[in-house]
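Chemist: Would you mind keeping the following structure in view while I ask a few things?
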Amino acid sequence: MQQPLPKQSQPNLPENRCPSCLSMQLEGIPVQPDQIDLYLTMNFDVQCESLPKGSISFGIKGGKLELRLENGRIHHQFRELTGSLALALHQKEQQANSYPVAKADAEPEQTEDTKEQVPLVTCQVKTKGSQKNPVWVFAVDPAKPVLQGLLKRAKLATLNVIATPCSVEATFDVSLQDIYLTRVQGLWSANMSTNQLAILERGIAQLLLKRKFQPYLSRIELHFDYLET
Numbered sequence: 523m524q525q526p527l528p529k530q531s532q533p534n535l536p537e538n539r540c541p542s543c544l545s546m547q548l549e550g551i552p553v554q555p556d557q558i559d560l561y562l563t564m565n566f567d568v569q570c571e572s573l574p575k576g577s578i579s580f581g582i583k584g585g586k587l588e589l590r591l592e593n594g595r596i597h598h599q600f601r602e603l604t605g606s607l608a609l610a611l612h613q614k615e616q617q618a619n620s621y622p623v624a625k626a627d628a629e630p631e632q633t634e635d636t637k638e639q640v641p642l643v644t645c646q647v648k649t650k651g652s653q654k655n656p657v658w659v660f661a662v663d664p665a666k667p668v669l670q671g672l673l674k675r676a677k678l679a680t681l682n683v684i685a686t687p688c689s690v691e692a693t694f695d696v697s698l699q700d701i702y703l704t705r706v707q708g709l710w711s712a713n714m715s716t717n718q719l720a721i722l723e724r725g726i727a728q729l730l731l732k733r734k735f736q737p738y739l740s741r742i743e744l745h746f747d748y749l750e751t
């Protein structure tokens, strides 16, 4: 008798602490009794925050997607999300964006949901880490200040199930260097020196890191088991 495919035993409820900056979703599709394909969706954008004397807008230049696997492994040869990726933005959002559009080398897949989107930003992705704790490092193209756009249901990797229950915990983390202020209004005078501005902007970034981005920016868990039908 053929072994059944594992099934998701709990609903995956993503936790996005700063959803305008990053909204992340991870989907697991069992394809063999011991294999699950993982698909990643990420939507990056600039987030605006109102302050007592002004406002700020900020985004991220990169970050680290880390998986912690229980009863599972992801071999290096089965990590498919690497290299140069094109992020797409909805047409109406692109028109309202203050940054010029940069054509990416890779065209995103055209589906009913993406046919009104256009390439906006090229994102570089590198992978590292162990089979039990794989990591993907994201970085914006140097020509752009922050990551903006949609990576829709891209195949991340194939998970080898060693035993059940099998679980995947995914977190997206950023460092202080990944935070970029795209706009600051009303918080300081226009005649401040470059060094003074740099110090103040770093202070704001440190505050954002502590209040918005720690202990992680986004988190999601997947749980799989062989369930009775």
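Numbering (our numbering), first residue to last: 523 to 751.
Here a beta-carbon is modelled for each residue, glycine too, at the ideal position from N, C-alpha and C.
Do you know offhand how far D663's Cα is from S697's?
Modeler: 17 Å
Chemist: Considering just the uninterrupted stretch of the beta strand (DSSP E) at Q547, what are its terminal residues?
Modeler: L544 to Q554
Chemist: Exposed or buried, what is S740 when buried is set at 16 or more other beta-carbons lying within 10 Å of its beta-carbon?
Modeler: S740 should be labelled buried.
Chemist: Going by other Cβ atoms of all chains shown within 10 Å of its Cβ, with 16 needed for buried, is H597 buried or exposed?
Modeler: Exposure of H597 is indicated by the presence of fewer than 16 other C-beta atoms within 10 angstroms of its C-beta.
Chemist: If the criterion is Cβ atoms closer than 7 Å, does the pair N565 and L672 meet it?
Modeler: yes
Chemist: Looking at the unbroken alpha helix (DSSP H) that takes in Q718, where does it start and where does it end?
Modeler: T716 to R733
Chemist: Label Q670 either buried or exposed according to how many other C-beta atoms from any shown protein chain fall within 10 Å of its C-beta, with 16 as the threshold for buried.
Modeler: buried
Chemist: Considering R741, what are the terminal residues of the beta strand (DSSP E) in which it resides?
Modeler: S740 to D747
Chemist: From Q530 to D747, what does the alpha carbon distance come to, in whole angstroms?
Modeler: 6 Å
Chemist: Taking the alpha carbon of K677 as the reference point, which residue from P555, P541, L562 and Q554 has its own alpha carbon closest?
Modeler: L562
Chemist: Can you find the residues in the same chain that come closer than 6 Å, C-beta to C-beta, to P656, ignoring five residues on each side of it along the sequence?
Modeler: Result list for P656: L589 and I596, in chain order.
Chemist: Starting from the Cα of D695, find the closest Cα among A685, E537 and Y738 and give me that residue.
Modeler: Y738
Chemist: How many Å lie between S545 and D700 at the Cα?
Modeler: 16 Å
Chemist: With 16 as the cutoff for other CB atoms within 10 Å, does C570 come out buried or exposed?
Modeler: Answer is exposed; the Cβ neighbour count stays below 16.
Chemist: Take the Cβ of G581 as the centre, count every other Cβ of all protein chains shown within 10 Å, and call the residue buried at 16 or more, exposed below.
Modeler: G581 is buried by the Cβ-count criterion.
Chemist: What does a CB cutoff of less than 8 Å around P667 pick up in its chain, not counting 5 residues either side in sequence?
Modeler: G581, K583, Y621, Y702 and T704
Chemist: One question on the structure: do V568 and S579 come within less than 7 Å of each other, judged by their Cβ atoms?
Modeler: yes
Chemist: With a threshold of 7 Å between beta-carbons, can K529 be considered close to chain B, or not?
Modeler: The displayed structure is made up of one protein chain only, and chain B is not part of it.
Chemist: Going by alpha carbons, who is nearest to Q554 out of W710, T680 and K586?
Modeler: T680
Chemist: Would you call L587 buried or exposed, if buried means 16 or more other Cβ atoms sit within 10 Å of its Cβ?
Modeler: buried
Chemist: So, using beta-carbon positions, are L611 and C645 closer together than 7 Å?
Modeler: no
Chemist: Please state whether the Cβ-Cβ distance between E690 and L744 is less than 7 Å.
Modeler: For clarity, residue 690 is Val in the given sequence; the question names Glu instead. Cβ distance < 7 Å, so V690 and L744 count as in contact.
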